[in-house]
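A short write-up of the structure that comes next.
Protein chains in written order, with the working numbering: chain A, 2 to 257; chain B, 89 to 368.
In structure tokens form, the structure reads like this:
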């Protein structure tokens, strides 16, 4: 049983290694144009070079700061808006079409408009990141609290818990796993919003750096920066995954 | 022969000064749907529960049993009438000394069994050592000694209900109210849980109010059984079972058990059909 589980875990690694190997061979053999894609080993070398370049690190730091700001505002704002909206079922029903179509229109298209409104720099980029992530957290909050079993608030009432105590000791812990899932998606959207905005018009940030390398035909540097970005996102995702696993750890049926 | 002594609604109306829990002329009306149509859920309920008795309310589906529980515990204020616990009228808050076990699994999945049981105590400002001692005692009473560190997801449905019962017992309630607590369990586990409940009832000396739709459960466990009508819920009859105090599920082998369940079914059959027609 354990062997089968280990084998199942190995499959994605083997598939990933195979694809990387195939790409390496295809690039080295000249089957793929070097101006389009470079070999994975070269990407790693470009990454190492990038990590020694203060300009790359500075741009990465700027992007990270923007993602953190956008992520925090979107998460906290989405959570608070969700809490405020939750009891108003009529308003929620009225907003449903808006929620359903929100992601159909890419928010990034409003970036030029935002620069006109709030100026050039980090603020419009963070605003795009917030706009991307806010609704994900808001809807996750609504769903998370809707899913709290109806018996739990009754138990709170049976223990004479007030509104705040019920919210903090019963509703919040019960909703925590779904809220954390929403947080993961929100951070993901914030990353997409910030990097996509930097691609468009920004003068700094890792997105801008990638775009600049692309325009200047510096393919090697571009892939080094992309790899750096991918690794950073994977690291953040892994951290969030660990947090989610921690919250869900004791709740899965038969986890022992 | 069956030794049950049926009493009438009129007998139940007699005001009892010594009643542990009393419901006098209680009615409940709900407003439902967009038009706020009025639905009479309960009509003129009169009940007096004696100190330390095991009292069961049985009735067809949708007759207002759970509403009656909400009113009896102070979770809801009746549209009309009075509900008193130990002589004090309830006013929309569960009074101290009342513990409730609900039909649904009410264990907190984020807390282990010990913390689940200690939940109510930790709010009282009790010292940690005292809380631990009380939790140990509740774990022993509910036969959960080896599962203090386990989480609800690791337990069976019956064990989770025992955790909920232990969480109620730990606050030393004088009235334990149970809303179909074994409804989600299989037949054998229900019988065994019934035995456990009887043992706990004898050990604690608390008054028990059990809400159920299971005839066998009512016949086995109760000192008295109130039979409710289909909506609007009224008390049709209160039956003294004459069960001995040290009873258990082995009573199911006795002929009086069959006679009692037959009598209950005779009273409930027409009401259940009426409830089905209402639902249809």
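From the three backbone atoms N, C-alpha and C, an ideal C-beta is built for every residue, glycine too.
(request) Flag residue 188 of chain B as yes if its beta-carbon sits less than 9 Å from any beta-carbon of chain A, otherwise no. (result) yes
(message) Just to confirm my understanding: we take residue 136 of chain A, look at its own chain, exclude 5 residues before and 5 after, and list those with CB closer than 6 Å. What are they?
(response) 103
(message) As a quick exercise: from A/138, A/127, A/163 and A/176, pick the residue whose alpha carbon is nearest that of residue 148 of chain A.
(response) A/176
(message) Taking the beta carbon of residue 108 of chain B as the centre, do at least 16 other beta carbons fall within 10 Å, making it buried, or is it exposed?
(response) buried
(request) Under the assumption that residue 277 of chain B contacts residue 246 of chain B (Cβ atoms under 8 Å), give the Cβ distance between them as a whole number of angstroms. (result) 5 Å
(message) Could you check whether residue 171 of chain A and residue 196 of chain B sit closer than 9 Å to each other, using their CB atoms as the reference points?
(response) yes
(request) Under 9 Å between beta-carbons, which chain A residues line up against residue 211 of chain B? List them in chain order, please. (result) 160, 161, 162, 166 and 170
(message) Per the DSSP calculation, residue 172 of chain B is bridged to which residue(s)?
(response) B/110 and B/177
(request) From the DSSP output, read off the bridge partner residues of residue 125 of chain B. (result) B/120
(message) For a test of the three-state rule: what should DSSP assign to residue 149 of chain B, helix, strand or coil?
(response) coil
(request) State the start and end residues of the unbroken alpha helix (DSSP H) segment that holds residue 43 of chain A. (result) 41-52
(message) I want to verify the contact list: residues of chain A whose CB lies under 7 Å from the CB of residue 208 of chain B, in sequence order.
(response) 160
(request) Please check if any C-beta of chain B sits within less than 9 Å of the C-beta of residue 23 of chain A. (result) no
(request) Give me the Cβ distance between residue 179 of chain B and residue 165 of chain B, rounded to the nearest whole Å; I'm assuming they're in contact under 8 Å. (result) 7 Å
(request) Can you give me the start and stop residues for the alpha helix (DSSP H) that residue 248 of chain B sits inside? (result) 245-257
(request) Taking a Cβ distance cut-off of 8 Å, strictly less, list which residues of the region 150-165 of chain B are near chain A, in chain order. (result) 161 and 163
(message) With a threshold of 9 Å between beta carbons, is residue 182 of chain A in contact with chain B?
(response) no
(request) Please name the residues in the region 137-160 of chain A whose beta-carbon is closer than 9 Å to at least one beta-carbon of chain B, in chain order. (result) 150, 151, 152, 153, 155, 156, 158, 159 and 160
(request) Check the DSSP bridge columns for residue 339 of chain B and list the partner residues they point to. (result) None; residue 339 of chain B has no bridge partner.
(message) Along the chain, where does the beta strand (DSSP E) containing residue 295 of chain B start, and where does it finish?
(response) 295-300
(message) Counting only Cβ pairs nearer than 9 Å, list the residues of chain A close to residue 182 of chain B.
(response) 158, 159, 160 and 161
(request) Out of B/115, B/111, B/144 and B/181, state which residue places its alpha-carbon closest to the alpha-carbon of residue 175 of chain B. (result) B/111
(message) Suppose you measure from the CA of residue 94 of chain A to the CA of residue 100 of chain A; what does that come to, to the nearest Å?
(response) 10 Å
(message) From the DSSP secondary-structure annotation, give me the bridge partner or partners of residue 138 of chain A.
(response) Its beta-bridge partners do not exist; DSSP assigns none.
(request) Check whether the Cβ of residue 174 of chain A lies closer than 9 Å to any Cβ atom in chain B. (result) yes
(message) Between which residues of its own chain and residue 200 of chain B is the CB-CB distance below 8 Å, once the five residues before and five after are set aside?
(response) 236, 237, 238 and 239
(request) Using three-state DSSP, classify residue 6 of chain A as helix, strand or coil. (result) helix
(request) State buried or exposed for residue 331 of chain B, treating a residue as buried only when at least 16 other CB atoms are found within 10 Å of its CB. (result) buried
(message) Tell me which residues share the same chain as residue 187 of chain A and place their Cβ nearer than 7 Å to its Cβ, disregarding the 5 neighbours each side in the sequence.
(response) 72, 75, 76, 79, 134, 137 and 138
(request) Between the Cα of residue 92 of chain A and those of A/59, A/143, A/68 and A/252, spot the shortest distance and give me the residue it belongs to. (result) A/143
(message) Do residue 105 of chain A and residue 119 of chain A have their beta-carbon atoms positioned less than 9 Å apart in this structure?
(response) no
(message) Counting only C-beta atoms, is residue 192 of chain B closer than 9 Å to chain A at any point?
(response) yes
(message) Please tell me whether residue 193 of chain B and residue 178 of chain A are closer than 9 Å, where the distance is taken between their beta carbons.
(response) no
(request) With distances taken Cα to Cα, identify the nearest neighbour of residue 189 of chain A among A/13, A/159, A/241 and A/98. (result) A/241
(request) Run through the region 74-130 of chain A for me and flag every whole beta strand (DSSP E) of 3 or more residues, listed as ranges in chain order. (result) none
(request) Kindly list the residues whose CB is nearer than 8 Å to the CB of residue 191 of chain A, restricted to its own chain and excluding five residues on each side of it in sequence; keep chain order. (result) 68, 71, 72, 75, 130, 131, 133 and 134
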